[in-house]
Amino acid sequence: MARVMTRDHSEQRETIVFGVIIMRNVQLAAIVIILSPFDAFAASGAYSCSNGEFEIRCNAYKCESSEDFTPAGGGVDTGTKDMSVCAYSGCWEGKADSIIASEGHIIADSDQLQGNNPGLQPTSAAIVINRETLGATLNAFGFQSPMSCSLK
Numbered sequence: 001m002a003r004v005m006t007r008d009h010s011e012q013r014e015t016i017v018f019g020v021i022i023m024r025n026v027q028l029a030a031i032v033i034i035l036s037p038f039d040a041f042a043a044s045g046a047y048s049c050s051n052g053e054f055e056i057r058c059n060a061y062k063c064e065s066s067e068d069f070t071p072a073g074g075g076v077d078t079g080t081k082d083m084s085v086c087a088y089s090g091c092w093e094g095k096a097d098s099i100i101a102s103e104g105h106i107i108a109d110s111d112q113l114q115g116n117n118p119g120l121q122p123t124s125a126a127i128v129i130n131r132e133t134l135g136a137t138l139n140a141f142g143f144q145s146p147m148s149c150s151l152k
């Protein structure tokens with residue numbers, strides 16, 4: 001918005017400069033307003049989840065309740081990105097590769113959770129948490145385990 005101004009147009013020049021400043025501030029304000037809700041969704045929280053009732057195993061054709069049941073649990077801290085899953089005789093812990101936080105859900109996944117007992121191989125896992133109901137699903141070890149969570 002370059003204009004050559006003469007002395008007779010100094011008032012118009014001030015108006016144009018003032019208008020440019022206002023427009024830049026309006027653009028910044030619009031960006032802040034647009035991004036603000038997403039910051040609220042990503043607020044830090046530590047979720048602890050468990051399932052002592054049943055587990056589900058799925059393949060490409062169907063899902064069914066597993067006859068051999070192992071309680072499962074997991075957790076994710078959206079502030080530190082710490083993630084853990086527990087089942088069988090151990091727990092696997094590490095940092096989430098990604099955490100997606102929306103108004104309705106937290107989705108955390110990791111491809112390199114490390115076992116806390118000797119001989120446990122690294123594993124991958126994903127946890128999806130419904131923020132309203134605190135119901136969740138753990139997807140790990142070939143099982144899909146529904147869980148109940150609490151927010152610490």
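Under our numbering, the first residue of the sequence shown is numbered 1, with each subsequent residue one higher.
The C-beta atom is built at its ideal place from N, Cα and C for all residues, glycine as well.
Taken through DSSP and simplified to helix, strand or coil, G90 comes out as strand. Across the structure, G115 and G142 are spaced so that their CA atoms are roughly 16 Å apart. Restricting attention to G75, L138 and K152, the CA atom closest to the CA of F54 is found in L138. Apart from sequence neighbours up to five positions away, the residues of its chain that approach A46 with a beta-carbon distance below 6 Å are D77 and K152, ordered along the chain. As computed with DSSP, S102 is found in no beta bridge at all. By the Cβ neighbour-count rule, C86 is buried, with 16 or more other Cβ atoms within 10 Å of its own. Taken in chain order, the complete beta strand (DSSP E) segments of 3 or more residues contained in the segment 45–71 are 46–51, 56–58 and 63–65.
Your pair S50 and S148 checks out as a contact, with CB atoms roughly 7 Å apart and the cut at 8 Å. Annotation: the continuous beta strand (DSSP E) that includes F143 extends over F143 to L151.
Note that the segment 57–65 does not touch the segment 87–97; fewer than 3 beta-carbon pairs, one per stretch, sit closer than 8 Å.
G79 carries a coil assignment under DSSP once its states are collapsed to helix, strand and coil.
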